[in-house]
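All residue numbers for the sequence shown refer to UniProt numbering, where the first residue is 1 and numbers rise by one.
One structure is given below, encoded as structure tokens.
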Amino acid sequence: MSEQVDIAGPLALEQQVCFALSVAARSVVAVYRPLLEPMGLTHPQYLVMLALWQHAPLSVRELSGLLQLDPGTLSPLLKRLEASGYLRRQRDPADERSLAVTLTATGQALRSRAELIPPAVVQRLGLPIEELQRLHASLTQVIAAARPVAG
């Protein structure tokens, strides 16, 4: 007699939170890609620019904290954005150990084009804004709950 596999068991792929989050993240980033390409930005670069548009100037450490990225991951993103002329990195005169990140005039000007992205994403997803806001709130709770565990 052969054993039956419980497809609804605790290891069922379709039941895994990590699987749903992974596929959702890739799918949503794919929605952003054609909107960002004309601006010369990848999705991670867009996140850097969002943080800078909201909070610049920032130290690399502050930016790393906001984006929840380690500085080793952030550094190549900043180098590419600097090569594109969107930002400038320079040593903080008050603390030579700190690298300050500021937007250039070109980087500031890009903001007006970027303001068209959120509504375009909402339209392409075709979900009510209230549902997206609930999803954002739920994901924020998941991030907070996972942070001490990943610790």
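In this text, a Cβ means the ideal position worked out from N, Cα and C, and glycines have one as well.
Boundaries for ALA94: no beta strand (DSSP E) harbours it, and the DSSP string shows neither H nor E there.
With fewer than 16 other Cβ atoms inside 10 Å of its own Cβ, VAL142 counts as exposed. Considering only ALA120, ARG134, ALA94, ASP70, the residue with the shortest C-alpha distance to VAL29 is ALA120. The Cβ atoms of LEU103 and LEU52 sit closer than 7 Å to each other. DSSP lists VAL101 as the bridge partner or partners of LEU58. If you compare the alpha carbons of GLU14, LEU35, ALA24, ALA20 with that of GLN123, the shortest gap goes to LEU35.
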